[in-house]
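>
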Amino acid sequence: MPIARCGDTWKLCCEKPACKRGCHSMMNGITANSMFQGWGVNKVTFVDNGSVSFSNPVRQPLFNFKDCLGGGAKKALRAAEALKEIYPGVDSTGHVLSVPMAGHPVVDEDKAKAEFEVLKKLVEEHDAIFLLMDTRESRWLPTLLGKANGKIVLNAALGFDTFVVMRHGSLTTAGSKDGLGCYFCNDVVAPGNSTKAQTLDQQCTVTRPGIAAIASALLVELFVSIIQHPQGADAPATTSPDEDNIKSPHPLGIVPHQIRGYLSRFNNVIVTGKDYSCCSACSGRILDLYLQDGWDFVKRAMNEKSYIEEVSGLKEVQRLADAVAEGIGFSDSDDADDDELVEI
Numbered sequence: 001m002p003i004a005r006c007g008d009t010w011k012l013c014c015e016k017p018a019c020k021r022g023c024h025s026m027m028n029g030i031t032a033n034s035m036f037q038g039w040g041v042n043k044v045t046f047v048d049n050g051s052v053s054f055s056n057p058v059r060q061p062l063f064n065f066k067d068c069l070g071g072g073a074k075k076a077l078r079a080a081e082a083l084k085e086i087y088p089g090v091d092s093t094g095h096v097l098s099v100p101m102a103g104h105p106v107v108d109e110d111k112a113k114a115e116f117e118v119l120k121k122l123v124e125e126h127d128a129i130f131l132l133m134d135t136r137e138s139r140w141l142p143t144l145l146g147k148a149n150g151k152i153v154l155n156a157a158l159g160f161d162t163f164v165v166m167r168h169g170s171l172t173t174a175g176s177k178d179g180l181g182c183y184f185c186n187d188v189v190a191p192g193n194s195t196k197a198q199t200l201d202q203q204c205t206v207t208r209p210g211i212a213a214i215a216s217a218l219l220v221e222l223f224v225s226i227i228q229h230p231q232g233a234d235a236p237a238t239t240s241p242d243e244d245n246i247k248s249p250h251p252l253g254i255v256p257h258q259i260r261g262y263l264s265r266f267n268n269v270i271v272t273g274k275d276y277s278c279c280s281a282c283s284g285r286i287l288d289l290y291l292q293d294g295w296d297f298v299k300r301a302m303n304e305k306s307y308i309e310e311v312s313g314l315k316e317v318q319r320l321a322d323a324v325a326e327g328i329g330f331s332d333s334d335d336a337d338d339d340e341l342v343e344i
């Protein structure tokens, strides 16, 4: 089995802005990170803005009770230290910062810009970016940065008993028949502030305890399958697991685009989604504006609620949908069939 592309040349950046109420940060566990080390990955960088709370250690095994005392250790720093305690040869570092989020207005521009520059530099320096956030909008900028820099981007999101594990499409296959979508490609609205109207319990991801470990394991193995494939990040998505597994020359088997899991049924489904020309995070129009304007573009996305929808083309899609809806109605005429649609 030609396992030739692992080792300390692969550098991972785990984006994990923590939920202050103790949500799961999936890579923040012994199981997932030990698997990375098992595959020979010896450089891991953590990005997180939270502190360890008393609810964390039972679900995030890199932490212990002592880490909760005195207001809690910073998660990114403590996670990096804990990895070295497991294997001293690992090069693990932590960065305490907040990821600028679309739809969250800038309060301190100097601080926000500095955090953007740090995040941008980290993405440029690493080979693979893992998005393991609590909110939809926090994944937007790392998705954009990863695509713009041609990085491998992997994403995982959890529900109570469901999860999605996916890889984002590569820059070189964008727009082609093999172009794969990102986390935002199925959306018809741009990311915004999803927490401002939510109660405390709604802002915190409540999941079955095993979900995080299951999703983490699948994400690690998906990453390894990508880098072992002859085409790497450009590997076409597997759509028929049984058939492709037999025909594939890949030593580790299939390389899916998305894995959607349903723990209530103990069932996983492989899904493939194409990239979207109006995507709010990875479309050509968004990438061009970012490469042209940099921080100024990101700042407008944070401050102006509908800016991303306008420049990506999503707003026009919404207008066309509204126009179609307005042009269709139900007839009240006795002569018409009950279920007939008539144009008005």
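In terms of the UniProt record's numbering, the sequence shown is residues 1 to 344. Where is the CB? At the ideal position from N, CA and C, for every residue including glycine.
(1) Can you check whether the CB of G273 is closer than 8 Å to the CB of H257?
(2) Quick one: residues in its chain with C-beta nearer than 8 Å to the C-beta of E309, no 5 flanking neighbours on either side, listed in chain order?
(3) Quick one: complete beta strand (DSSP E) runs, 3+ long, within the region 151-192?
(4) Report the three-state DSSP secondary structure of A323 (helix, strand or coil).
(5) CA-CA distance, D161 and G327?
(6) Starting from Q60, trace the alpha helix (DSSP H) in both directions and tell me its first and last residue.
(7) Work out the CA separation of T93 and P209 for me, nearest whole Å.
(8) In terms of DSSP beta bridges, what is V96 paired with?
(9) Can you name the start and end residues of the alpha helix (DSSP H) that I226 belongs to?
(10) Throw me the rounded Cβ distance for the I214 and G169 pair, which I believe falls under 8 Å.
(11) Specify the secondary structure class of P38 as computed by DSSP and reduced to three states.
(12) Hey, would you say L291 sits closer than 8 Å to A148, going by beta carbons?
(13) Secondary structure at Y276, three-state DSSP: helix, strand or coil?
(14) Please go through the same chain and pick out, in chain order, the residues whose beta-carbon is closer than 6 Å to the beta-carbon of G313, but skip the five residues on each side of it.
(15) How about F184 and V298: do their beta carbons lie closer than 8 Å?
(16) Looking at the structure shown, is D91 part of a helix, part of a strand, or coil, going by DSSP?
(17) In its own chain, which residues sit with a C-beta less than 8 Å from the C-beta of H24, not counting the 5 before and 5 after it?
(18) Have a look at I63 and C282 and give me their C-alpha separation to the nearest angstrom.
(19) For R167 and L320, what's the separation of their Cα atoms in angstroms?
In brief:
(1) Stepping through the sequence shown from its first residue, residue 257 is reached at position 257. Stepping through the sequence shown from its first residue, residue 273 is reached at position 273. Taking 8 Å as the Cβ cut-off, H257 and G273 qualify as a contacting pair.
(2) For the purposes of this step, residue 309 is taken as residue 309 along the sequence shown, with counting starting at 1. Excluding sequence neighbours, E309 sits near V189, A190, S280, K315 and Q318.
(3) Taking only runs of at least 3 residues, the beta strand (DSSP E) segments lying wholly in the region 151-192 are 152-158 and 162-167.
(4) Position 323 of the sequence shown, counted from the first residue, corresponds to residue 323. Reduced to three states, the DSSP call for A323 is helix.
(5) Here residue 161 corresponds to residue number 161 of the sequence shown, with the count starting at 1. Here residue 327 corresponds to residue number 327 of the sequence shown, with the count starting at 1. Each residue's Cα considered, the two are about 40 Å apart.
(6) Taking the first residue of the sequence shown as position 1, residue 60 is located at position 60. Element bounds for Q60: n/a, residue is neither H nor E.
(7) Counting from 1 along the sequence shown, the entry for residue 209 is found at position 209. Counting from 1 along the sequence shown, the entry for residue 93 is found at position 93. Distance between the alpha carbons of P209 and T93 is about 27 Å.
(8) Taking the first residue of the sequence shown as position 1, residue 96 is located at position 96. Beta-bridge pairing links V96 to D48.
(9) In the sequence shown, residue 226 corresponds to position 226, counting from 1. Per DSSP, I226 belongs to the alpha helix (DSSP H) from P209 to Q228.
(10) Along the sequence shown, read from residue 1 onward, the residue named residue 214 stands at position 214. Along the sequence shown, read from residue 1 onward, the residue named residue 169 stands at position 169. No, I214 and G169 are not in contact; Cβ-Cβ is about 24 Å, not under 8 Å.
(11) The residue labelled residue 38 in the question sits at position 38 within the sequence shown. The displayed chain sequence assigns Gly, not Pro, to residue 38. Here G38 sits in helix by DSSP.
(12) Translated into the one-based positions of the sequence shown, residue 291 becomes position 291. Translated into the one-based positions of the sequence shown, residue 148 becomes position 148. Yes, the Cβ-Cβ distance between L291 and A148 is below 8 Å.
(13) As a position in the sequence shown, residue 276 is number 276, starting the count at 1. Of the three classes helix, strand and coil, the one that applies to Y276 here is coil, per DSSP.
(14) In the sequence shown, counting from the first residue as 1, residue 313 sits at position 313. Answer for G313: C278, listed in chain order.
(15) Reading the sequence shown from its first residue, position 184 is the one you call residue 184. Reading the sequence shown from its first residue, position 298 is the one you call residue 298. No, they are not a contact pair.
(16) The sequence position of residue 91 within the sequence shown is 91, counting from 1. In the structure shown, D91 sits in a strand (DSSP, three-state: E or B).
(17) Numbered from 1 along the sequence shown, position 24 holds the residue referred to as residue 24. Its pLDDT being 30, under 50, H24 is placed unreliably in this model, and the coordinates cannot settle the point.
(18) Position 63 of the sequence shown holds residue 63. Position 282 of the sequence shown holds residue 282. For clarity, residue 63 is Phe in the given sequence; the question names Ile instead. C-alpha separation (whole angstroms): 35 Å.
(19) Here residue 167 is taken as the residue at index 167 of the sequence shown, counted from 1. Here residue 320 is taken as the residue at index 320 of the sequence shown, counted from 1. If you take the alpha carbons of R167 and L320, they lie about 30 Å apart.
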